[in-house]
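*Asks:*
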C-alpha cells in the first residue's frame, strides 16, 4: 500500500515567498536596466580637421606631439604621439596607423588588424621604409617591439619582440634590418625578418642613442660627450667632430655631409672637407618661409631626414610644423600651419587647441591657442566660412541675443566686448592687485579671469576665488567670495550662480556672497556608470552647462557626463564620428560645453583643435513614442532614456503630460490655490470671482481695469487688491506706470547718467543731444568718446559734450595747453631755452643742460653745481661741456695737472690759472710716439725768441727708463711774463710731458734740454750788483743751486726803455734734469739794501716744495739782466790803463838816461 508524502504547508508558503521575491527582484532589475539603457550617439565634427583624411598638409594642424620622420620616394611619414601619418606625393595628409584611444587592457593590437584600429605607444623613436616601398617599419619603443604596416592592405603586424628598449631602426635589404640594442655592451643587431633570428652586427660607442646607417656606413651621435662618430664594421669608431649643446637628431646625405642641430634651434652642416656651415636657425622663434634658411627662425629642432634630392626635411617641434630646406637654401613649411586658412570652410581648415567657443545667432565664435608658440587668435564661423576676429588668447566667451560677444583674456587680466568689429574693454586694468568694488570696471583689477556668463544683460566673471558682476552701467561688484580658485562658471536661466572649484573639483551653488553648497562631485565614488551625483568623483572637470530643467552636462578628462534632476550622474557614450570616418572613442579634455536649448539632444564641445556636436541617435522610445516624433514626451520634453523624459520648463509628470503653475503640478488639488486650472502656458485659468496670476485674490479691478485684463496695472504688474498693483521687476508707481533705467527710478536725478537723457521705458534711455550709449553715459569731446583713452588729449575727463575737465597743470578746451614753470610749452624761452616742455612742468633738456627747468649747465655728464664737476672741482662749468680750470689744472675737463709758473710781487712762486692773455701763452701739442719727441722744438709766438729744444735722444732715454707710455703724449709748454724786481728777474717758462694724467720723470740726460729766453734786459747802471746764472731750486737743501747747469750769454744790443739804458742779451740754459729752474741774481743778497722788502729764496720754499714732481715736471727758467758784460768792460779798461802807465814809465826812464849821458858828455 503506497503512501503519499505530505508536504508541510509552511514549507510551501516559504517557497512561494522566495519565488515571489526573486520575481520582483528580476522585474526591478529589468526595469532599472531598461530605465538606464545605454543610448547610442552620433559624433559630428563642425570645426577642425585633425581627424579628417585627405586634407592638404599645409592646412593640417600638427599637434605638439610631433615625433619621428621618414622619407621614401616622395612620400613623408611622421608620428604624432600614438598616431602615424603620411603625406603623399600630392601633398595631402592621411592617418595610416594608430588612434587616439587609451585602453590599459589592450597595450597593442595583434597581427592582421587594420593599422588605424591598432594601438601604438606614444614613444616611437624610429620609422623606416623597406627598399621595395611595401612596408613602413615602426620601432614601437613604448611596447618594446618592431612592427610594420602594409601599404597594400593597411594591416599592421608584429615583426619582433625586443629584449629591452631600442633607439634606432634601419633597413639593410628586403629581408634584413638593423636595430640598436640597449644591452650593457651597446651594439647593433641584425634581424632576419622571415625567421626572427638576430645576430651581432657591430659595437657602438658608449651613450650613442642616435644612429644612421647610410651607404653601408654607420654614423653615431654621443650627445652626452658632444661627439659624432663614423663606425666601421669591426666596431672601431672614428671621431668626425665634437660640438657642444647637440640636439639628439641628425642625418647624412648621399655625399657624406652630416646635418645636425645644436643649441635647440640652430641647424649646421659638417661637410666632407671638415668644415662647419650654419644653414638655418639664426634666431629662436618662427619665421623666414620663402627666404634663405640661414635667415630663418626655428624652435626646438626635432628629427630630420635627407630625401633623395639631398633636401633636408626637419621637425620644427615647438612651431608645430615640418619644414624643408632645398638644395639652393630656401626654407618652406610642408606640413602644418599655425594659422587656419582664411575664408575657407571650417572642415577644410585645421586649428590649434580650441579653448573656448560660443554660438551667437547664426555665428560661431571660437578661440585658438598654440602652446609652444606666440600664436593666439579668435575666429568666427559664419555662413560656412571661418575668418579671423582678433589676435588674442581668449579664455572664455559668451554672446547675447544681439550678437555682441563678451570674452575674457586671462593673460591680460581683462574682460572685453566685441560688437560689429569694435573691441571695448569692460573691466580690468591689466594688473592683479587693484581689486575694487563699486567703481567703473576698468578701474579695478580682474586677476586671472577663468569663466564668463551672461544673465539679464549683466556679465558674471570668475576671477581667482571671486565671482565679479559687471552691470550694464559698467560698474563692477563682487557677487561671491570663496575659499578656492574657480575654474568654470555658469549662471542658469533663473539667475542661480554655479561654479567649479579647482581644489574640490566639484560643482557648487552660490547661496549668498560668502556661502556656497556642493551639489555635484567632490565625493569618492569613481564608478563610471549610474551613481549619486553628490558622491561622484569628477575626473579633472573642465567645464559644465546647466539646462533650463537643471540637468548638468559636465566635461571631464576623457568623458562627458550628465547629472539629472533625480540626483544621479551617468556617462554619455558615443560610438563613431559620422558614417565614413575612423573610430573616435576618447575625449581629450572637452571644453566649453554648450547645449542648444531648442534641441536638448545636441551637445557641443571643444576637444583639441576641433568642435564637435554630440547627437543622440533618435531610436529611443518614451511611452511608445519614437524619440524623433514631435509628440514625444507629450510634445513638452525630450526622450533621454527609455521611458525617461526630461520635460521643458512649465511641464512635469513621467511623460511631461502635466502643466506646472507656481511649482505645483496640474493634477494637484492645490494648484492655482484650488481656485482654477493650470494651463499649458504656466498660467492659471481662475474661477469666477478670483484673479491674480495663481488665483490668489478675489476678482477686482485696479484703477478701472479688471484684474484679469492684460493691461491691468499698465500691463506691468498684477492687481492684488482693489486699486493695489504689484509691479513687475523694473516698474513702480501706483499703477506701475513708471519704470527704472539701470537701477534708478525714472524720476531720479541720477537716472540715465545724471539726467543726460530721459527714462522712457524699462532700461531704455532717450539721450539728450551730445550724449549716447544705452545709459547716456557716453559723451564726445573733439570727436572722441569719453571712454577713449585719448579723449581730452589723455589729460582730463570728458564730463559733458565738448567739455573737458582737465587734470591739474593742463588747460584749453581739450586740455591741449600746458606750461613749464610758468612759460607756455611752445614759447622759445621755455625750459630756459635749452629744452622741450613735454608735459606740465616736465622739461626734456637738450644735450649739455639739466635741472627741472634746464637751467643748469652740464660739463661732461656732471651738473655745474655738482662737487664732482670739472674733475671734482678742478674748475668751474662756465658753459655746456666747457670747464674753466683753476690754477694748477688743464684739459677740457680740468683733469690734467699743470702749473703755469710765476713769481708774485713778493717773489712767492705761484701757479696761475691756465688761461691765455697778453702776459701768458700756453702751447699744447699731442704726439703719438716717443720718437716724435726727438729734437722737437717748441716756439712761443707772443714772446720773440722764446723756445725750447728737446734732445735728439729723448726717446732712447724713455725706453731705457721704461717710461714709454701706452697712449698719446701731451707736450704742455707755457710762458708767464714777470715784471717784478728781485732775485728772479725774468719770465717763467714751464714744460710738462703728460700721458694718461701721469707726468714723465726726466733726469740725468746725456744730451741736455736747451731753453732759449730770447731778449733779456739788464739795467746798465751799477752792473756790479748783478751776477746772473741758471739755477734750480734744491728742495732738500732749500736753496738755489747751479750745479749741473750751463749758461750761455750772447750780447745783442743796447736799448733805452722808459728813459733807462739796458744791455740786451740772449741767454740759453742747458739742463740734464728737471726740477724748478730760473735765471737768478747771485748778488741779490749783497744788494738787498737797495731792494728792501724783497723776499729771500728761502721764503719761496713753502710754495716750491708744494709742487708734485711725480705728476708734473716743470722746467721754469727766469731770465733777468746780466752784469757779466759790465765786469768784462771794467777789466778791459783796467788793463788798458795799466799798459798806458807802463809805457809812460819807460819813456820817462829813457829821457833820464839821455840827460845823464849828455851831462856826462858835457
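Numbering (mature numbering (1 follows the signal peptide of the UniProt record, and there is no 0)), first residue to last: -34 to -1, 1 to 1128. All residues carry an ideal CB built from backbone N, CA and C; glycine is no exception.
1) As an exercise, report each continuous beta strand (DSSP E) stretch of at least 3 residues that is fully enclosed by the segment 78 to 159, in chain order.
2) Grab me the residues of residue 966's own chain with a C-beta within less than 6 Å of its C-beta, minus the 5 sequence neighbours each way, in chain order.
3) Return the bridge partner residues of residue 228 from the DSSP annotation.
4) For a minimum of 3 consecutive residues, which ranges assigned as the beta strand (DSSP E) are wholly contained in the segment 37 to 71?
5) Pair every Cβ in the segment 440 to 448 with every Cβ in the segment 406 to 417, then say whether three or more of these pairs are closer than 8 Å.
6) Going along the chain, which residues of its own chain have a beta-carbon closer than 7 Å to the beta-carbon of residue 973, five neighbours each way excluded?
7) Note down the Cα distance separating residue 138 from residue 144, rounded to an integer number of angstroms.
8) Just curious, the beta strand (DSSP E) that residue 811 is in, first and last residue?
9) Taking just the CA atoms, how far does residue 519 sit from residue 724?
10) Below 8 Å between beta carbons: does that hold for residue 223 and residue 202?
11) For residue 823, does the three-state DSSP call read helix, strand or coil?
12) Starting from the C-beta of residue 732, find all residues in its chain whose C-beta is less than 7 Å away, skip the five residues before and the five after it, and write them out in chain order.
13) Given that a residue counts as buried once 16 or more other Cβ atoms are within 10 Å of its Cβ, and exposed if not, what is residue 474?
14) Could you spell out the range, first to last residue, of the beta strand (DSSP E) harbouring residue 326?
15) Which residues bound the beta strand (DSSP E) around residue 1017?
16) For the beta strand (DSSP E) containing residue 920, name the first residue and the last one.
17) Relative to the C-alpha of residue 483, which residue among 495, 462 and 497 is closest?
18) Are the Cβ atoms of residue 797 and residue 831 separated by less than 8 Å?
19) Alpha carbon to alpha carbon, how far is residue 504 from residue 488? Give it in angstroms, no decimals.
20) By the 10 Å Cβ neighbour count, where 16 or more other Cβ atoms means buried, how is residue 790 classified, buried or exposed?
21) Would DSSP call residue 561 helix, strand or coil?
22) Applying the 10 Å Cβ sphere with the 16-neighbour rule, what's the burial state of residue 106?
23) Rounding to the nearest angstrom, what Cα-Cα distance links residue 1012 and residue 979 in this structure?
24) Helix or strand or just coil, what does DSSP make of residue 818?
25) Does DSSP put residue 243 in a helix, a strand or coil?
26) With 16 other CB atoms within 10 Å as the buried threshold, where does residue 195 fall?
27) Given a cut-off of 8 Å, decide if residue 42 and residue 53 are closer than it, judged by their beta-carbon atoms.
28) Where does residue 543 sit, in a helix, a strand or coil, going by DSSP?
29) Alpha carbons only, please: which of 36, 421 and 436 is nearest the one belonging to residue 410?
30) Among 80, 450, 51 and 165, which one has its Cα closest to the Cα of residue 90?
31) Between the segment 277 to 297 and the segment 25 to 40, do at least 3 Cβ pairs fall closer than 8 Å?
32) In the DSSP assignment, find the unbroken alpha helix (DSSP H) run with residue 838 in it and report its ends.
33) According to DSSP, is residue 520 helix, strand or coil?
34) So what does DSSP say about residue 440, is it helix, strand or coil?
35) Using the C-alpha atoms, what's the distance from residue 810 back to residue 804?
*Replies:* To lay it out plainly:
1) 92 to 95, 101 to 106, 111 to 116, 121 to 127, 135 to 137, 142 to 147 and 153 to 158
2) 929 and 959
3) 212 and 232
4) 41 to 46, 49 to 53 and 58 to 63
5) yes
6) 917, 918 and 919
7) 7 Å
8) 808 to 811
9) 44 Å
10) no
11) strand
12) 723, 724 and 726
13) buried
14) 319 to 326
15) 1012 to 1023
16) No beta strand (DSSP E) holds residue 920; the alpha helix (DSSP H) holding it covers 920 to 926.
17) 462
18) no
19) 7 Å
20) exposed
21) strand
22) buried
23) 14 Å
24) coil
25) strand
26) buried
27) yes
28) Annotation note: pLDDT 37 at residue 543 (below 50); position unreliable, no value reported.
29) 436
30) 51
31) yes
32) 835 to 839
33) strand
34) coil
35) 7 Å
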